[in-house]
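S.K.: I am attaching a structure below and will ask some questions about it afterwards.
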Amino acid sequence: MIKKTEQVVQEKWVPSFQFEEHYDRPFTALKKPVSESKGVLISTGGFYPRGASPFQDNYGLGDPSLPGDCHPGGSA
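Those letters in the sequence shown? Residues 102 to 177, by our numbering.
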């Protein structure tokens, strides 16, 4: 499936496109216990809370609910 997707992307949009392959994961040991640590999950999966409306991409301009300085071209 990956090779087929890669082939379609190459044929339709970017001839030089190649998926990156990683066979190991980067690892950094925690400097404090998990109970004292904070973490974040960043995803392009389009998750939303049960009962909420699915996210609308605002024509590729991102999430309109974010502050202006989070948008491309926003004041930072």
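Glycine included, C-beta positions come from ideal geometry on N, C-alpha and C.
Kindly indicate the opening and closing residues of the alpha helix (DSSP H) around Val109.
M.R.: As a first step, residue 109 is located in the sequence shown; it is residue number 8 there, counting from the start. Segment Ile103 to Lys113, the alpha helix (DSSP H) holding Val109.
S.K.: For my contact list, Glu112 and Phe120 are in at a C-beta cut-off of 8 Å; report their separation, rounded to the angstrom.
M.R.: Here residue 112 refers to the residue found at position 11 when the sequence shown is read from its first residue. Here residue 120 refers to the residue found at position 19 when the sequence shown is read from its first residue. Going by Cβ atoms, the distance from Glu112 to Phe120 rounds to 15 Å, so no, they are not a contact pair.
S.K.: Do you know how far the Cα of Met102 is from the Cα of His172?
M.R.: For this step, residue 172 is matched to residue 71 along the sequence shown. For this step, residue 102 is matched to residue 1 along the sequence shown. With a pLDDT of only 46 at His172, under 50, the local geometry of the prediction cannot be trusted, and the value read off the model is given with reservation. Taking the straight line from one Cα to the other gives about 33 Å.
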